[in-house]
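Scroll down for the structure; my scribbles are underneath it.
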Amino acid sequence: MLLEGYGPQLWAGTVETITLALGSLALSFGLGLVGATAKLSGRRRLAVPARLYTTLVRGVPDLVLMLLLYYSFQDLLNRVTDALGQPQFDIDPFVAGVTVLGFIYGAYFTETFRGAVLAVPRGQWDAAMAFGLTRRRAFFRIIFPQMMRFALPGISNNWQVILKATALVSLIGLHDVVRAAQDAITGTSTKGGYHAFLFLTAVALIYLSLTTFSHLIFQGLEKRFSRGFQAPTS
Amino acid sequence: MIELLQQYWQQYLWGSPGHWSGLVVTLWLTVASVVLGFALALPLAIMRVSTRPWLAAPVWLFTYVFRGTPLYVQLLICYTGLYSLEAVRATPMLNAFFKDAFNCTLLAFTLNTAAYTTEIFAGAIKATPRGEVEAARAFGMSGFILYRRILLPSALRRALPAYSNEVILMLHATTLASTATITDLLKVARNAASDYYLPFVAYGLAALLYLAITLGLVWAFQRAERKWLAHLRPVRSDAGAPRSV
Chain Y
28 MLLEGYGPQL WAGTVETITL ALGSLALSFG LGLVGATAKL SGRRRLAVPA RLYTTLVRGV
88 PDLVLMLLLY YSFQDLLNRV TDALGQPQFD IDPFVAGVTV LGFIYGAYFT ETFRGAVLAV
148 PRGQWDAAMA FGLTRRRAFF RIIFPQMMRF ALPGISNNWQ VILKATALVS LIGLHDVVRA
208 AQDAITGTST KGGYHAFLFL TAVALIYLSL TTFSHLIFQG LEKRFSRGFQ APTS
Chain A
18 MIELLQQYWQ QYLWGSPGHW SGLVVTLWLT VASVVLGFAL ALPLAIMRVS TRPWLAAPVW
78 LFTYVFRGTP LYVQLLICYT GLYSLEAVRA TPMLNAFFKD AFNCTLLAFT LNTAAYTTEI
138 FAGAIKATPR GEVEAARAFG MSGFILYRRI LLPSALRRAL PAYSNEVILM LHATTLASTA
198 TITDLLKVAR NAASDYYLPF VAYGLAALLY LAITLGLVWA FQRAERKWLA HLRPVRSDAG
258 APRSV
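Keeping their order, the protein sequence lines are chains Y and A. The numbering used here runs 27 ahead of the 1-based position in the first sequence. The numbering used here runs 17 ahead of the 1-based position in the second sequence.
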């Protein structure tokens with residue numbers, strides 16, 4: 028039988044991986060916008076923490092940060108519940124995974140967006156101000172749509188990295204596709220050795236199709252956002 | 018916390034002969050995979066930009082597969098997957114190679130970084146101005162000499178910023194070795210964390226050490242760029258202007 032009957036588990040793991048990646052993407056996207064705004068604000072008390080955030084997070088391996096944040100936070104929580112005499116409260120691994128991955132890749136998105144906003148010509152700001160738009164409106168109506176064109180290659184790259192980084196979350200107890208494969212390997216260990224190779228190759232192929240599919244989506248998006256910059260077709 | 022530091026600082030930093038510290042193992046894994054990856058990537062990049070499909074296509078497939086899947090999965094395939102195959106265990110040489118966790122890890126890391134480096138170098142070679150190649154051909158250079166004297170010196174320089182990024186990512190990726198029973202910096206931190214139930218101190222210490230290595234690499238590559246990309250530095254506007262007497 029194909030995949031020894033572990034197909035449904037692998038499928039469930041794949042869904043978990045995709046959900047986790049999309050959740051982390053949303054969080055890190057938002058954090059990136061906030062971080063880039065803080066860095067570009069010109070106010071020291073906003074720019075300095077933002078710079079600290081991007082330098083520290085990008086200078087430390089994602090796996091180390093993941094374990095550091097997950098276990099330290101759980102440890103802190105245990106101390107608090109102990110002090111209050113409450114029963115132990117376990118962090119939901121999925122929430123932890125999304126939060127940690129979102130926090131880490133938010134730093135990378137901050138840099139992506141910062142570069143993209145700087146790539147929009149200054150005259151666009153001046154023109155928006157001359158039309159009497161507030162800074163907020165000018166950002167969302169004028170700068171943001173143009174910035175996205177410059178940000179897209181970076182966003183696409185960050186997304187692929189997030190997608191591949193989800194493979195690590197099995198280490199903090201999530202039932203993602205890698206964990207599903209490892210469970211399947213344990214379950215079939217008596218039926219002959221080659222199953223480890225079979226399931227791991229299946230996982231590799233799942234990831235490969237996910238990254239290929241994302242690549243196609245982003246190619247379409249890049250085409251869409253660079254309308255008006257392509258050579259006219261007659 | 019003091020106890021943790023007292024018991025573990027040697028394992029983090031120095032170690033003793035025969036017992037390498039986490040830091041040494043991490044640095045060794047990084048250097049070995051980056052050097053081997055570089056040696057693989059150079060010929061592969063030249064094949065990748067070749068106009069002959071039978072040379073370029075296999076390299077394309079290699080980088081496509083290795084850049085499209087997570088390194089953790091590649092490591093698991095090298096470490097657990099391949100060794101589960103009867104054919105591998107029955108061949109004495111392969112059996113000896115894949116039995117050792119260190120070999121498997123180094124193989125996975127090397128192939129992974131080689132894939133990314135190949136694409137970086139191939140991109141840089143493709144971005145060579147046509148005029149440089151035409152001038153070299155006009156001087157009668159072709160093939161090996163053209164690559165050695167013209168294409169590679171300028172392409173490798175142009176690849177430097179992207180390559181420095183890849184080296185730092187490789188340093189960060191070596192943390193995966195801890196999942197394959199190798200006692201690198203992260204594994205020492207994990208042991209210390211579970212021994213003393215002080216995850217923040219144990220992992221925080223490792224994080225600081227990784228940060229220090231990263232900043233050291235950034236500094237070294239900045240110096241390298243200043244040296245080898247000096248011709249691309251913006252020129253001061255008064256340079257070359259006649260000096261006032």
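Beta carbons: idealized from backbone N, C-alpha and C, even for Gly.
Check, Outcome
"Should the region 175-188 of chain Y be called in touch with the region 138-146 of chain Y, which here means at least 3 C-beta pairs below 8 Å?", "yes"
"For residue 79(A), go through chain Y and note every residue whose CB falls closer than 7 Å to its CB, in chain order.", "Within chain Y, no residue comes near residue 79(A); the closest Cβ sits about 13 Å away, beyond 7 Å."
"Going along chain Y in order, which residues have a C-beta closer than 8 Å to the C-beta of residue 179(A)?", "Here the premise fails: no neighbours, minimum Cβ distance about 12 Å."
"Cβ of residue 222(Y) less than 8 Å from any chain A Cβ?", "yes"
"Just how far apart, CA to CA, sit residue 49(A) and residue 190(Y)?", "27 Å"
"Ignoring anything shorter than 4 residues or poking outside the region 182-218 of chain A, list the alpha helix (DSSP H) runs there in chain order.", "202-213"
"Who are the near neighbours of residue 156(Y) in its chain, counting only those whose CB is closer than 7 Å to its CB and skipping five residues on each side?", "165"
"Does residue 214(A) pass the burial test, meaning 16 or more other C-beta atoms within 10 Å, or should it be called exposed?", "exposed"
"Residue 62(Y): buried (16+ other C-beta within 10 angstroms of its C-beta) or exposed?", "buried"
"Taking Cβ positions only, does residue 86(Y) come closer than 8 Å to chain A?", "yes"
"Residue 211(Y) touches chain A at which residues, Cβ-Cβ below 8 Å?", "Going along chain A, no residue has its Cβ under 8 Å from residue 211(Y), so there is no contact; the nearest lies around 12 Å."
"Residue range of the alpha helix (DSSP H) that residue 83(A) falls in?", "70-85"
"Using 8 Å as the limit for Cβ to Cβ distance, is residue 89(A) near chain Y?", "yes"
"Jot down the residue ranges of each uninterrupted alpha helix (DSSP H) in the region 205-255 of chain Y, minimum 4 residues, whole runs only, in chain order.", "222-252"
"Around the C-beta of residue 183(A), are 16 or more other C-beta atoms found within 10 angstroms, so that it is buried, or is it exposed?", "buried"
"Rounded to whole angstroms, what is the Cα-Cα separation between residue 210(Y) and residue 122(A)?", "22 Å"
"Looking at C-beta atoms only, is the number of pairs between the region 187-197 of chain A and the region 87-94 of chain Y that lie closer than 8 Å three or more?", "yes"
"Can you give the beta carbon distance from residue 120(Y) to residue 200(Y), rounded, assuming they're within the 8 Å contact cut?", "4 Å"
"Could you tell me how far apart the beta carbons of residue 86(A) and residue 243(Y) are, in whole angstroms, since I believe they sit closer than 8 Å?", "That pair is no contact at about 17 Å."
"What is the rounded straight-line gap between the Cα of residue 209(A) and the Cα of residue 100(Y)?", "17 Å"
"Rounded to a whole number of angstroms, what is the C-alpha to C-alpha distance between residue 118(A) and residue 90(A)?", "15 Å"
"Quick check on residue 108(A): does DSSP put it in helix, strand or coil?", "coil"
"Using only the alpha-carbon positions, how far apart do residue 82(A) and residue 232(Y) sit?", "9 Å"
"Looking at the structure shown, is residue 117(Y) part of a helix, part of a strand, or coil, going by DSSP?", "coil"
"Which same chain residues, not among the five before or five after residue 95(A), have their C-beta less than 6 Å away from its C-beta?", "121, 124 and 125"
"In the DSSP assignment, the alpha helix (DSSP H) including residue 119(A) goes from what residue to what residue?", "118-143"
"Let's see if you can read the secondary structure: which residues bound the alpha helix (DSSP H) around residue 171(Y)?", "171-192"
"Take residue 131(Y) and list the residues in its own chain whose beta-carbon comes closer than 7 Å to its own, dropping the five residues that flank it on each side.", "84, 89 and 92"
"Using the C-alpha atoms, what's the distance from residue 128(A) back to residue 211(A)?", "32 Å"
"Kindly indicate which residue of 240(A), 18(A), 185(A) and 237(A) has the alpha-carbon position closest to the one of residue 227(A).", "185(A)"
"Hey, would you say residue 59(Y) sits closer than 8 Å to residue 140(Y), going by beta carbons?", "yes"
"If you run the structure through DSSP and keep just helix, strand and coil, what is residue 33(Y)?", "coil"
"Report all residues from its chain with a CB closer than 8 Å to the CB of residue 218(Y); omit the five preceding and five following residues, and keep chain order.", "31"
"For residue 224(A), return the contacting residues in chain Y, with the cut-off set at a CB-CB distance below 9 Å.", "83, 86, 87, 88, 91, 92 and 95"
"If I follow the unbroken alpha helix (DSSP H) through residue 83(Y), where does it start and stop?", "71-86"
"Thinking C-beta only, is residue 227(Y) closer than 8 Å to residue 207(Y)?", "no"
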